[in-house]
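J.:
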Amino acid sequence: MLEQLANHPDASDPEPFAGPDHPIRKITRLMAFGGEWRPTNATNMAELFDGMAAEWSERHVDPTKRAPVEDGLDRGGIPLSGDWLELGAGTGAGARVLSGRVGSLICSDLSMGMLSYAPGELAPRVQADATTLPFADDTFDAVLMINMILFPNEVDRILRPGGSILWVNTLGDQTPIHLPAADVLEALPGEWQGRTARAGTGFWLAARRVGA
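Each residue of the sequence shown is one higher than the one before, starting from 6 at the first, in the numbering used here.
1. Leaving out five residues before and five after Ser86 in sequence, what residues of the same chain have Cβ atoms less than 6 angstroms from its Cβ?
2. Output needed for Val215: all residues of its chain with C-beta closer than 6 angstroms, excluding positions within five of it in sequence on either side, in chain order.
3. Do Phe145 and Asp188 have their beta-carbon atoms positioned less than 8 angstroms apart in this structure?
4. Does the distance from the C-beta atom of Asp134 to that of Ala47 stay below 8 angstroms?
5. Using a Cβ-Cβ cut-off of 6 angstroms (strictly less than) and excluding sequence neighbours within five positions of Met119, which residues of its own chain qualify?
6. According to DSSP, Gly207 sits in a beta bridge with which residue or residues?
7. With 16 as the cutoff for other CB atoms within 10 Å, does Pro28 come out buried or exposed?
8. For Ala72, report the span of its alpha helix (DSSP H) as first-last.
9. Can you name the start and end residues of the beta strand (DSSP E) that Gly99 belongs to?
Encoded structure:
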């Protein structure tokens, strides 16, 4: 079940940027619905984001991009007191919002270059491929994913029963790594209940697992 909330007062349409034919958009959809993630995919993606890390650390921390994360935390209904993982943490935009608001936080990213720009004092940083995360089953209460490729089975594995996700696309349907809220719920194993809204130039989905 997916509940559509009223948009945040600051919600606005993003500028045209990445449509459905964007190469990373196609990979995003393929991975969410059973595609094979090859070693070459991981190598190419890591090299791409390593090369963008310095610029990324300056461009991706403005208030408009923070807006959907903050609104999702405020209105999504996800308990903040538990153990959180940020997947695709990049240079720490999510950690800057979560730090001090959640019980504990670990930041993980495929790109070591990105993680090198993330503030280490906010959370431990773990370089890892999100298809084979170095965490035991049922480790986390919540997973934050901002503009992140969804690997549903691995997210399902590391979440505790009743765990939650916060999914954010900071440019809405113009985000290169984009899945609509309904598609995220469809891709995840088990039964989920979620709510979604637009904030800033993006949208968020907060969802809780209610079935195995």
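Backbone N, C-alpha and C fix where the C-beta goes; we use that ideal spot for every residue, glycine too.
T.: Reading from the atomic positions:
1. The sequence position of residue 86 within the sequence shown is 81, counting from 1. Within the same chain, Ser86 has close Cβ partners Gly108.
2. Stepping through the sequence shown from its first residue, residue 215 is reached at position 210. Hits under 6 angstroms: Glu196 and Gln198.
3. Indexing the sequence shown from 1 puts residue 188 at position 183. Indexing the sequence shown from 1 puts residue 145 at position 140. Contact: no.
4. Reading the sequence shown from its first residue, position 129 is the one you call residue 134. Reading the sequence shown from its first residue, position 42 is the one you call residue 47. Yes; because the gap between Cβ atoms is below 8 angstroms, this pair is in contact.
5. Translated into the one-based positions of the sequence shown, residue 119 becomes position 114. The answer, listed in chain order, is Phe54, Ala58, Gly95 and Thr96.
6. Mapped onto the sequence shown, residue 207 falls at position 202. DSSP output for Gly207 lists Ala204 as bridge partner(s).
7. Taking the sequence shown and counting its residues from 1, one reaches residue 28 at position 23. When all chains shown are included, Pro28 counts as exposed.
8. Mapped onto the sequence shown, residue 72 falls at position 67. Counting along the chain, the alpha helix (DSSP H) containing Ala72 begins and ends at Pro68 to Arg80.
9. Here residue 99 is taken as the residue at index 94 of the sequence shown, counted from 1. Unbroken run through Gly99 is the alpha helix (DSSP H), Ala98 to Leu103; no beta strand (DSSP E).
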